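A.B. asks: Those sequence lines, one after another, are chains W and R. Going letter by letter, the first sequence gives residues 1 to 305 in our numbering. Going letter by letter, the second sequence gives residues 1001 to 1241 in our numbering. One structure coming up, written as structure tokens, with questions to follow.
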Amino acid sequence: MAAVEVNGLTVRYGDVTAVNDISFTAEAGHITAVLGPNGAGKTSTIEVCEGYRRAAAGSVRVLGLDPATQQRRLSERMGVMLQEGGVYPSARVLSTVRHYCTLYGKGADADALVQQVGLADRRTATWRRLSGGEKQRLSLALALAARPDVAFLDEPTSGVDVNGRDTIRELVRGLALDGCAVVLATHELDEAERLADRVVIFDGGQVIADGTLSELRRGHDEIRFRSSPTLDTVALATSIGMVASRVGHDEYVIDAPPHPRLMAQLTGWLADHGHPLTDLRAGAQRLEDVFRRLTADRPDPDDES
Amino acid sequence: MSRFRSQLRTELELVARNGEQLLLTLGIPVLLLVFFSLVDVLPTGTDDPVDFLAPGVLALAVMSTSMVSLGIGTGFERSYHVLKRLGATPLGRGRLIAAKIAAVAVVELVQFAILVPVAYALGWSPASTNWPAAIGAVLLGTLAFAGIGLAFAGRLRGELNLAALNGLYLVMLLLGGMVIPFGELPSALRAVAHALPSGALADVLRDTLGGNGTAVLTSWLVLAGWALVAPVVAAVVFRWD
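Spelled out as structure tokens, the structure:
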């Protein structure tokens, strides 16, 4: 049984349907990224899973419990990181973590948690004095205080600097290694690419893709390179036998697997014609490209009649 | 029990660290009591102004803590998603509310522990005192004011809630018979004043702590009515996030 099972979930706000008949699962010991642009329905879905919000239709089970009716039992095993806020502005770091350790009653060591999230030197600072990244790390510490079997992390690295991101990623990976089912909502594709075992892509309140990264990328290899902005793509295509498309000022893409012969033809043609090769990336598409392809393929709901 | 204690400790720490709340719950009541007891400018109708002021200021202290301080604090907690986050812990909403009420009770005990000796030091000499009845009135007043404060906090944005509760505090202070006798108000306002929980509590406390109430039975009924209705309204309109 999956740790999180969402079947046919629909969430409405008045007449507006925020989430429309979606289904997905998240497994214990895995990081499942729920991806999508702002307003795609990620937070609404997670709030139903956490027991904050009622579903208009469908069913949700988290650790075998119904969040709508068994939220109290679920809360004892669930770690939560809100998108923002969640802490008294005048509360101090260490006392807040201690308070949450007591609330969860799992024997988590507050001092160790503060150390773990890299806030040892800020233990007496109040929430309002923390930077955006420090606030996120404190929020993560509060989720870890639950020693959770399932963790819902909403935009955990939003506004966090590079070092802070590394710390958070390491802790999230550690959670999954300990057997926790981590559900990570983010609109940062790079974040999902670095962390996730499985990706669920939302758009317009619907799930438009669900699978592992390699499943989503399968069959979509490409060669992406940067060269002279005046490159003659027709002549290049004639020479290598593949269409080369300009996708930026000096950036080009060839939709093909990076076969050595093709790579040799491409670099040879560039050299023969005196063009530079300032960047070259070949192989599976980035998640960002997968996302663009999937969302571009979707019909505009306004066109449906 | 440890979860309740931890939440209560957090609530009290936050109150103790909040200078504005300390000014509101302790500073203003003590200042009003001392100033108007020593400077006899209010038409109190008593030989010694402190005999009129002491019960009124105790009522003001109850209102400050259970309506304004609790309401403003809870409103900001809602705006900052603190309530939402706590709602996802095993604390539970029941323990959260119980901890908030207990924190109000502790602050009121501290207020009374300071205000009553200050009043006696200023020469307060009530003709009769019925402390059990006074404590009953304080409990009813706390329920009534907490209900009003939480109804505002559970519905309005943080800043709007702050402005509304401060405005209401001022209206109830002026019309509530706390520092200005009902008899000094225009007759139209006097009826309104007696219908307010502030007026009812001040009148009942003035009767139980000095025997100087004006419409005591009506005031008890008004106070009980507010204590019953306001928490129910708060429970109905309150939004956690």
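Beta carbons are placed, not taken as given, at the ideal position from N, Cα and C, and that holds for glycine. These numbers come from a predicted model, not from an experiment.
#1: Is it buried or exposed for S214 (chain W), if we count other Cβ within 10 angstroms and need 16 for buried?
#2: Please return the same chain residues whose Cβ sits closer than 7 Å to the Cβ of V1050 (chain R), not counting the five positions on each side in sequence.
#3: For the putative contact between G205 (chain W) and G41 (chain W), defined by C-beta atoms under 8 Å, what is the C-beta separation to the nearest angstrom?
#4: If you drop the 5 nearest sequence neighbours on each side, which residues of the same chain put their C-beta closer than 8 Å to that of A1164 (chain R)?
#5: Could you name the residues of the same chain whose beta carbon sits closer than 7 Å to that of L63 (chain W), not counting the 5 residues immediately before and after it, in chain order?
#6: Tell me the DSSP secondary structure of V247 (chain W) in three-state form.
#7: Can you tell which of R:L1140, R:N1018, R:A1195 has the C-alpha that lies nearest to the C-alpha of F1076 (chain R)?
#8: Quick one: give me the first and last residue of the beta strand (DSSP E) that A26 (chain W) is part of.
#9: Return the chain-ordered list of same chain residues with a C-beta closer than 7 Å to the C-beta of L175 (chain W), the five sequence neighbours on each side being excluded.
#10: I need the straight-line Cα distance from A1113 (chain R) to E84 (chain W), nearest angstrom please.
#11: Among the residues of its own chain, which have a CB less than 6 Å from the CB of W127 (chain W), if the five just before and after it don't count?
#12: Residues of chain R with CB under 7 Å from H273 (chain W), in chain order?
#13: So the candidates are W:R98, W:G118, W:N7; which of them puts its Cα closest to the Cα of D109 (chain W)?
#14: Assess contact between the segment 182-200 of chain W and the segment 29-41 of chain W, defined as three or more Cβ pairs (one per stretch) separated by less than 8 Å. Is contact present?
#15: Does the Cβ of H220 (chain W) have 16 or more other Cβ atoms within 10 Å, making it buried, or fewer, making it exposed?
#16: Just the Cα atoms here: how many angstroms apart are P1043 (chain R) and E1184 (chain R)?
#17: Could you tell me if V160 (chain W) is buried or exposed, where buried requires 16 or more neighbouring beta carbons within 10 angstroms of its beta carbon?
#18: Give, in chain order, every unbroken run of the alpha helix (DSSP H) that is at least 4 residues long and sits entirely within the segment 45-112 of chain W.
#19: What are the partner residues of E222 (chain W), as DSSP defines its beta bridges?
#20: How about the segment 1075-1092 of chain R and the segment 1203-1216 of chain R: do they share at least three Cβ pairs that are nearer than 8 Å?
#21: Between the Cα of R293 (chain W) and those of W:L216, W:G283, W:S131, W:D121, spot the shortest distance and give me the residue it belongs to.
#22: Report yes or no: do the segment 1052-1063 of chain R and the segment 52-61 of chain W share at least 3 C-beta pairs separated by less than 8 Å?
#23: Using a Cβ cut-off of 9 Å (strictly closer), state whether G1075 (chain R) contacts chain W.
#24: Can you tell me whether DSSP reads S305 (chain W) as helix, strand or coil?
#25: Below 8 Å on C-beta distance, what does R72 (chain W) contact in chain R?
#26: How would you write the range of the alpha helix (DSSP H) that R1078 (chain R) sits in, first residue to last?
#27: Which residues in chain W have a C-beta closer than 7 Å to the C-beta of N1018 (chain R)? List them in chain order.
#28: Pull up the distance between the alpha-carbon of S95 (chain W) and that of V80 (chain W), whole angstroms please.
#29: Could you tell me whether any Cβ in chain R is nearer than 9 Å to the Cβ of Y104 (chain W)?
#30: Could you say which of W:Y13, W:L262, W:D15, W:L103 lies nearest to R147 (chain W) if we only look at CA atoms?
#31: Given that a residue counts as buried once 16 or more other Cβ atoms are within 10 Å of its Cβ, and exposed if not, what is H249 (chain W)?
#32: Give the secondary structure of E1184 (chain R) by DSSP, where H, G and I count as helix, E and B as strand, and everything else as coil.
#33: With H, G and I counted as helix, E and B as strand and the rest as coil, what does DSSP make of E1020 (chain R)?
#34: Check whether the Cβ atoms of A1193 (chain R) and L1217 (chain R) sit closer than 9 Å, and answer yes or no.
#35: When the Cα atoms are used, what is the spatial distance from D121 (chain W) to L140 (chain W)?
#36: Taking the C-alpha atoms as reference points, what is the distance between F1182 (chain R) and V1015 (chain R)?
C.D. replies: Taking the coordinates as given:
#1: exposed
#2: S1037, A1119, L1122, G1123, W1124
#3: About 4 Å separates the beta carbon of G205 (chain W) from that of G41 (chain W), a gap short enough to meet the 8 Å contact definition.
#4: F1152, L1156
#5: A3, L74, R77, D149, V150
#6: coil
#7: The closest CA to that of F1076 (chain R), considering only R:L1140, R:N1018, R:A1195, is found on R:N1018.
#8: For A26 (chain W), the enclosing beta strand (DSSP E) starts and ends at 16-26.
#9: A151, V182
#10: Each residue's CA atom was taken as its position, placing A1113 (chain R) and E84 (chain W) some 40 Å apart.
#11: Same-chain partners within the cutoff: V87, P89, A91.
#12: Simply none; closest approach about 58 Å.
#13: W:R98
#14: yes
#15: H220 (chain W) is exposed by the Cβ-count criterion.
#16: One C-alpha to the other measures close to 8 Å.
#17: buried
#18: 71-75, 93-104
#19: W:G283
#20: As far as the Cβ criterion goes, the segment 1075-1092 of chain R does not touch the segment 1203-1216 of chain R, which means the pair count is below three.
#21: W:L216
#22: No, because fewer than three Cβ pairs between the segment 1052-1063 of chain R and the segment 52-61 of chain W fall closer than 8 Å, the two stretches do not touch.
#23: no
#24: In this prediction, S305 (chain W) scores a pLDDT of 36, lower than 50, which makes its location untrustworthy; no coordinate-derived value is stated.
#25: P1090, G1092
#26: 1070-1079
#27: S90
#28: Linking S95 (chain W) to V80 (chain W) through their CA atoms gives a straight-line distance of about 18 Å.
#29: yes
#30: W:L103
#31: exposed
#32: In this structure, E1184 (chain R) counts as helix in the three-state DSSP scheme.
#33: helix
#34: Their beta carbons are not under 9 Å apart, which means A1193 (chain R) does not touch L1217 (chain R) by this criterion.
#35: For D121 (chain W) and L140 (chain W), the distance between alpha carbons rounds to 17 Å.
#36: Straight-line Cα distance between these residues: approximately 33 Å.
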